[in-house]
Structure formats: structure tokens, C-alpha cells
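Since the structure comes first, as C-alpha cells, the remarks are kept for the end.
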Amino acid sequence: MTSRWTRVPAASRRTAAAVVLLLGATTAACSADPVDPERAGTVVVTTDLPFASLNGGTPAGRSPGSVLVRGLVQSGFTTLGPDGSVTPDPTFGTVEKVADSPLTVRYTVAPTATWSDGVPVTPADLLLEWAARSGQLDEVVPELGGDGEPVEPADDVVLFGATSAALVRASAVPVVDGATLTVVYDVPVADWQVALDVNLPAHVVGRLALDPAAPAFPAPAPTPTPSDGAAPTREGATSQPAPSASAASTPTPGTPTPDATTGEGGGEVPDTWAQAVATAVQQQDRAALTAISRVWRAAGRAGDVGADPTLTTTTGPYVLTRVDADGVEVARSAAYTGAAPAAFDRVRVRTDLDPLAQVEALASDDVDVVAPVSTADVLAGAEALEDVALRTGGDAVLQVVLQEAGGGVFDPAAHAADPDPAATAAALRRGFVGSVPRADVADVAVRPLWARTEPSDVVAAQVGPTAPTVRVPDVPADGATAGGATSDGAQDPPTVRVLTNRSDPVRAAAFELLSDAAAEAGYRVVAVAADDPARALRTRAEDWDAALVPVAQEELPVAGFVSRWRTGGATNVGGHADPALDTALDALAGQPDAEAAADAVRAASQTLLDSGAVLPVVRTPVLTVAAVRDPQDARGLPVVADVPPLTPAAADLTWWWDWTRR
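Whatever position you read off the sequence shown (first residue = 1), add 24 for the working numbering.
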């Protein structure tokens with residue numbers, strides 16, 4: 025991902041009138057205000073991404089704000105990079121492919137893998153996640169209500185309702201042997217490295233589901249060590265002071281004792297609850313699984329974790345300590361012993377400020393890092409600040425997706441009177457996507473916000489620059505136009521109803537450029553009026569012919585790509601159908617070699633492009649700005665360094681928080 029780093033001194037400061045009015049009084053007075061001593065060890069970040077759930081298996085847990093917070097508080101066997109690369113964490117454990125036929129994957133939990141309440145991670149935690157994500161134990165299919173949200177099932181059924189496209193292929197209950205868990209797949213899966221990881225703690229879920237009257241195990245506790253606010257780095261870091269003798273000898277209330285796996289009477293209570301979950305899964309105990317699945321579906325939601333501290337139990341260098349209407353706060357975990365410990369005492373993620381107010385808060389030293397929506401006025405406000413590191417970059421690829429099954433202009437059924445309806449529809453599709461002025465969209469809609477932008481050649485849903493690219497022609501394929509239609513009215517031009525969120529300035533500008541260019545190619549473009557464009561994209565195929573949408577990264581990159589483009593795929597919103605492509609996608613879904621899978625994604629992407637099913641246009645712009653402070657003259661404020669652009673479309677944002685770890 026490209027970005028630009030700008031330290032803006034006073035001499036080169038822009039003086040946009042609106043920005044000066046907004047920031048002038050604050051910046052003039054901030055240096056004289058006393059700084060709260062706790063600010064040195066507390067980093068404050070602002071975004072517009074609200075936190076919803078710690079449960080990464082639910083839609084709420086996969087929302088951008090939840091992904092952001094989980095990346096800060098959760099560790100696991102692997103992390104997923106913005107370009108789809110997989111990074112292992114051997115201090116948590118190992119994931120090994122031990123056989124190809126059948127595909128067999130062994131997980132070994134490291135001794136250093138620990139929950140934030142001091143309880144060791146065990147294979148029971150993985151077994152719980154297999155039960156939730158494989159779908160093998162669900163007794164009913166999840167239902168959606170009229171609002172598109174899941175309907176809560178009856179209390180007497182087993183339903184996790186979170187089936188994974190990869191783990192559904194592992195129908196046998198995994199085998200537990202000491203610190204290992206072995207998963208055997210019925211057929212190979214390409215995403216085996218990231219298919220399974222820890223999520224919710226089995227000992228917490230077990231207590232709540234099977235022994236709700238039992239006293240809770242001590243809640244996760246932060247380390248009460250004060251920080252000097254020094255900028256963190258993994259190597260050659262400016263180290264923070266070690267805990268003082270008094271701090272080390274006076275634990276925070278609830279801090280786990282060295283024998284944290286035992287209860288008051290020495291009984292291994294948390295281990296018993298975790299083992300009860302494992303036994304229920306292994307023996308398929310319906311009564312127990314009914315309660316376990318009910319707790320699993322609900323556990324981790326923002327409101328609940330705010331009320332019950334035991335629900336904040338996670339595995340990362342920070343632990344969630346506060347959830348409110350303004351955002352969340354995390355603190356250094358006392359139990360974490362992995363490779364990337366916390367560099368600050370606390371991190372506060374605020375979501376209560378509008379974009380310009382975020383910039384104002386940075387100017388007044390109330391916050392340290394801001395990631396507001398990128399618009400011209402927000403960028404101007406950020407560039408008007410002194411001593412900041414300003415980074416712009418690209419996030420999800422904005423793509424044109426055509427609707428081939430909704431009865432509209434690109435559906436062969438709409439051309440039944442033609443000698444070859446499929447060929448007619450295909451020619452219209454190629455002509456329309458070929459008319460899209462990709463370079464103009466990049467120059468007009470994005471370049472003012474991200475100087476290094478270029479038209480994107482990425483069909484796959486990735487936010488990194490090394491995703492498989494395709495060859496995109498700059499002219500309509502085969503010279504196709506709108507069936508001979510012209511813009512002078514000699515023949516009624518085909519009407520293309522375009523669905524997009526025009527409240528977004530980038531998409532609004534792209535829509536106008538696309539409309540003008542399509543008119544020159546013989547099409548009439550009209551905007552689709554939809555209160556909820558995202559929902560209309562999924563549920564109202566008959567209302568749109570083309571959609572201009574950013575495509576977010578999937579937690580299972582290959583399975584997500586297959587689901588998006590295979591005939592009848594769960595996320596195939598355009599209704600694309602191609603038997604030959606289906607064969608290639610089926611082979612891709614079962615390709616366990618990462619390099620071969622990337623080649624197959626590239627080939628399938630080229631096929632989709634050539635057929636006129638989709639056209640990548642440009643990456644959407646993002647903006648992140650961090651305060652630049654000299655460690656010798658930080659005035660008691662935290663020092664942050666090397667903060668990359670925040671990309672909300674990423675499926676895993678663990679990598680973004682590297683600057684908060686050592």
C-alpha cells in the first residue's frame with residue numbers, strides 16, 4: 025500500500041480560511057495547558073468505526089470497528105495481511121499441514137499462549153470454534169427477518185449460525201491430543217492456514233452456559249505499570265521503565281495470581297469449564313450444546329462486555345477495559361507473554377467525533393492519531409497542522425459490477441427476441457465497462473486525496489498492493505458499443521440503472537464521470553434511489569443493472585472470491601454464471617498451495633474481466649494523521665511513530681496496530 029509521509033512545519037502551513045477558523049483558537053492555547061500525567065502512557069485514536077462485538081464469527085464481530093478492536097486485543101496462530109499474506113505467531117502456536125490426502129492440519133498451542141485472565145489457551149478453545157464455524161452441529165438454518173437481520177431461534181435448538189466456507193468441509197470432530205488439535209478435511213481447502221483460530225474462551229463460555237450460578241473467574245486485569253510515553257519499536261526501542269517494587273507487589277483488583285488456573289479450593293475450575301465444552305462437542309451432547317451455542321451467539325457484544333468484565337477475556341497484548349458511547353479503551357494485559365507486548369499503558373479508541381472535529385482534537389493534543397473519512401476539507405485541515413505525520417493511501421478497490429440475472433439490460437433474458445441473447449447481453453456488458461473512464465476517475469475523484477493513486481487492476485477483494493492483477497483494456501473490448509445506439513437520439517439508448525452510495529464524495533464523482541462517458545458510448549445512465557444501497561445490492565437484483573461499490577477483503581480470501589463469482593454463490597450479487605469458470609473456481613477452492621492459488625485467482629479474474637462481469641476502477645482513498653513529537657520535548661504526551669494508513673476494508677487489522685507493540 026503506497027502512502028505519503030508529510031511532516032508539516034509552520035513555514036509551509038496552508039491557511040484555508042475555514043480551517044483557520046476551526047483550529048486557530050485551539051492551537052494557540054494548547055501548549056500552555058497542563059498535561060494529565062496519565063497521557064504519557066495513554067494513546068488516543070479517533071475513527072468513525074464503532075465497536076460492536078469481540079466475537080469474530082458473527083456479522084457484528086466482522087464489522088470494521090470490531091475488526092479494529094480485535095486486532096488490538098486478540099492474538100492467534102496467524103494474522104492476515106492486507107495483501108492476503110499469512111503471518112504465523114510461533115509464540116502462540118503452530119499450524120502445520122501434516123497430510124495432503126486427506127488434507128490434515130495440526131494445531132499445537134504454545135505454552136506462552138494465555139488468556140488475559142491468566143488461564144492457558146488449550147485445544148478446547150479451538151474445538152469450540154470448530155463447533156461454531158463448521159456448521160456440523162447446527163440443527164436449523166439461520167433465518168433472516170424483514171430487516172435482513174438474523175432472527176433469534178428458539179431456546180431449545182443447537183444453532184451457532186456462523187458456518188465458515190472452509191470449516192464446513194471438516195465434518196469430523198477434530199482430535200485432541202495434549203496441546204494439539206488435528207483437523208481432517210473431507211476435501212482440500214485453499215484457506216486452511218486461516219480457517220481456524222481462537223475466538224471466544226471456552227472456559228468463559230462454558231461457565232456461562234453450563235454453570236451460570238458459579239462465581240466468575242477473576243476478570244482480565246491490566247498491568248498497572250506507568251509508561252514514559254516513549255515511541256515503541258520492536259528492536260532498538262526506547263524502553264519503558266520496569267514495574268516499580270511497589271507496583272509489582274500491589275496487584276490491581278482482580279489480577280490473576282500465579283496459580284490462575286485454580287479456584288479457591290485448588291480445584292481447576294476454569295479447566296473444568298473448558299473441558300465440559302470440549303466433552304459436549306466430542307460427545308455431541310445436545311442439551312449442553314444448546315446452551316453453549318446460545319451463549320456463543322451472544323457473547324462478546326459491545327453492551328454485554330461493558331456490563332460483564334469476564335466477557336472481555338482475550339489473548340492479545342491489550343485487554344478491553346471500557347466500552348461506552350464514545351468508544352473503547354484497552355489496557356496493557358498482565359497475562360500476555362507473546363512476541364509483541366504492549367508499548368503503552370492504555371489505548372483509547374474514540375468514535376464520538378466528526379471528521380473535522382478529529383482534526384481539531386489532534387491540533388489541541390487531545391488525541392494522538394486520527395483516521396477520519398478522507399475528503400477535501402478534512403485533508404486541508406490536516407495539512408494545516410504543524411508537526412504531524414500525514415499518510416494517504418488506498419483501501420478497497422472501487423469496482424463496477426454488472427447485474428446479469430435481474431431482468432435488466434445485461435440479462436440475456438431481456439434479449440430473448442435476438443438470435444443469440446447471451447451474445448447480445450455480453451456485448452452490451454463489454455461495451456459498458458469499456459466506456460468507464462478509469463483514469464479520469466483516478467485523476468478527478470481520488471488523486472486530490474491520494475497523490476499516488478492509479479487505476480486498479482485488482483478484481484479479487486484485497487486491500488494490499490500485491491494482490492493478483494489483470495490486464496484491463498482502456499477501450500471497449502472488441503470495439504463493442506451499446507448495440508449501435510448513439511447519443512444523438514437516432515436509436516433509443518439502452519438504460520443502465522447504476523446503484524451506488526452517492527453520499528460518498530468519491531463515488532458521487534465517479535458516478536458523474538461514468539455517466540458522461542457511458543452516454544458517449546451510447547448508454548443512458550440513471551441513478552438508483554435506495555435508502556440502503558448495501559442492502560439493495562444484496563436483495564434487490566431487479567432494481568439495478570450496474571453497481572459501483574468498494575469490495576472489502578474476506579476473512580477467507582480464496583473462499584470469498586469463489587463465493588462471489590461461482591454460479592449461485594452466496595455473495596454472487598450480479599448473478600454471473602459461467603460453467604467453465606465454475607470448474608476453474610472449484611479447483612481453486614481446493615488448491616492448498618498459496619502460490620498456485622494466486623495464479624488461479626489471477627486467471628479467473630481475467631476471465632471475469634473479459635466477459636464484462638466486472639471492472640476494477642480505483643482504490644478508495646484513506647487518510648491517517650499522527651502527532652509528531654520529540655521524545656525529549658513531548659511535554660508529557662505519548663510519542664507515536666510509523667503509523668500506517670488505516671484501511672477499514674481489511675479483514676484483519678492486527679498489522680495496523682504494530683506501532684502500539686514492542
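Here a beta-carbon is modelled for each residue, glycine too, at the ideal position from N, C-alpha and C.
Buried/exposed call for residue i, threshold 16 Cβ in 10 Å
i: threonine 111; result: exposed
i: arginine 86; result: buried
i: alanine 237; result: exposed
i: valine 664; result: buried
i: alanine 308; result: What sits at residue 308 in the sequence shown is glutamine, not alanine. By the neighbour-count rule (16 or more Cβ atoms within 10 Å), glutamine 308 is not buried but exposed.
i: arginine 370; result: buried
i: proline 668; result: buried
i: glutamine 656; result: exposed
i: alanine 620; result: exposed
i: aspartate 555; result: exposed
i: proline 574; result: buried
i: alanine 475; result: exposed
Endpoints, the alpha helix (DSSP H) within which residue i is located
i: alanine 541; result: 529 to 544
i: leucine 693; result: Any answer about residue 693 is impossible in this case: the structure gives the chain only from 25 up to 686.
i: aspartate 401; result: 400 to 407
i: arginine 321; result: 310 to 322
i: valine 625; result: 618 to 635
i: glutamate 384; result: 379 to 387
i: glycine 230; result: 226 to 234
Check whether residue i and residue j have beta carbons under 8 Å apart
i: alanine 637; j: glutamate 428; result: yes
i: valine 122; j: phenylalanine 101; result: no
i: threonine 204; j: tyrosine 131; result: yes
i: proline 166; j: leucine 183; result: yes
i: leucine 409; j: alanine 387; result: yes
i: glycine 598; j: leucine 426; result: yes
i: leucine 64; j: valine 412; result: Reading off the sequence shown, one finds alanine at residue 64, where the question assumed leucine. Contact flag unset, no.
i: valine 347; j: arginine 374; result: no
i: proline 246; j: arginine 356; result: yes
i: glutamate 181; j: valine 164; result: Glutamate is not the amino acid found at residue 181; the sequence shown has valine there. Yes, the Cβ-Cβ distance between valine 181 and valine 164 is below 8 Å.
i: threonine 524; j: alanine 571; result: yes
i: alanine 558; j: aspartate 567; result: no
i: leucine 647; j: threonine 477; result: no
i: alanine 542; j: serine 459; result: yes
i: aspartate 435; j: alanine 450; result: no
i: leucine 232; j: valine 352; result: no
Nearest-angstrom Cα separation, counted from residue j out to residue i
i: threonine 591; j: serine 635; result: 14 Å
i: valine 383; j: valine 97; result: 26 Å
i: tryptophan 139; j: alanine 484; result: 35 Å
i: valine 482; j: valine 421; result: 7 Å
i: alanine 534; j: tyrosine 209; result: 44 Å
i: valine 530; j: proline 177; result: 40 Å
i: proline 517; j: alanine 437; result: 18 Å
i: valine 129; j: glutamate 544; result: 55 Å
i: valine 91; j: valine 433; result: 38 Å
i: leucine 632; j: threonine 336; result: 43 Å
i: aspartate 72; j: proline 640; result: 26 Å
i: aspartate 442; j: alanine 674; result: 44 Å
i: alanine 349; j: valine 67; result: 18 Å
i: threonine 334; j: alanine 323; result: 10 Å
i: alanine 49; j: alanine 406; result: Any reading at alanine 49 needs caution, since the residue's pLDDT is 40, under 50, leaving its predicted position unreliable; the model's value is listed next. Distance between the alpha carbons of alanine 49 and alanine 406: 16 Å.
i: aspartate 444; j: arginine 548; result: 23 Å
Cβ-based neighbour list, residue i, same chain, cut-off 6 Å, excluding 5 preceding and 5 following
i: proline 379; result: Pro396, Val397 and Val402
i: alanine 190; result: Val213, Asp215, Ala219, Leu580 and Ala583
i: alanine 302; result: Ala148 and Leu151
i: proline 144; result: Thr138
i: arginine 325; result: Ser77
i: aspartate 201; result: none
i: threonine 281; result: Residue placement at threonine 281 cannot be trusted, given a pLDDT of 31 that sits under 50; the coordinates are not used to answer.
i: alanine 300; result: Gly230 and Leu234
Own chain partners of residue i with C-beta closer than 8 Å, once the 5 adjacent residues on each side are dropped
i: glycine 614; result: Val211, Pro212, Val213 and Ala214
i: leucine 161; result: Ala155, Val182, Phe184, Val305, Gln308, Leu313 and Ser317
Where the beta strand (DSSP E) containing residue i begins and where it ends
i: glutamine 423; result: 412 to 426
i: proline 365; result: Neither: proline 365 is in no beta strand (DSSP E) and is coded neither H nor E.
i: threonine 70; result: 66 to 70
i: proline 640; result: 638 to 651
i: threonine 591; result: Run containing threonine 591: none; DSSP gives neither H nor E here.
Contact with chain B by residue i, beta-carbon distance below 8 Å
i: glycine 81; result: The structure shown contains no chain B; it is built from a single protein chain.
Residues near residue i in its chain [Cβ-Cβ closer than 7 Å; skip 5 each side]
i: glycine 95; result: Asp676, Leu677, Thr678, Trp680 and Trp681
i: proline 365; result: Pro341, Arg685 and Arg686
i: aspartate 666; result: Trp683
Residue i beta carbon near the ligand MN (any heavy atom closer than 7 Å)
i: aspartate 617; result: With respect to small molecules bound, the structure shown includes none, and the ligand MN cannot be examined in it.
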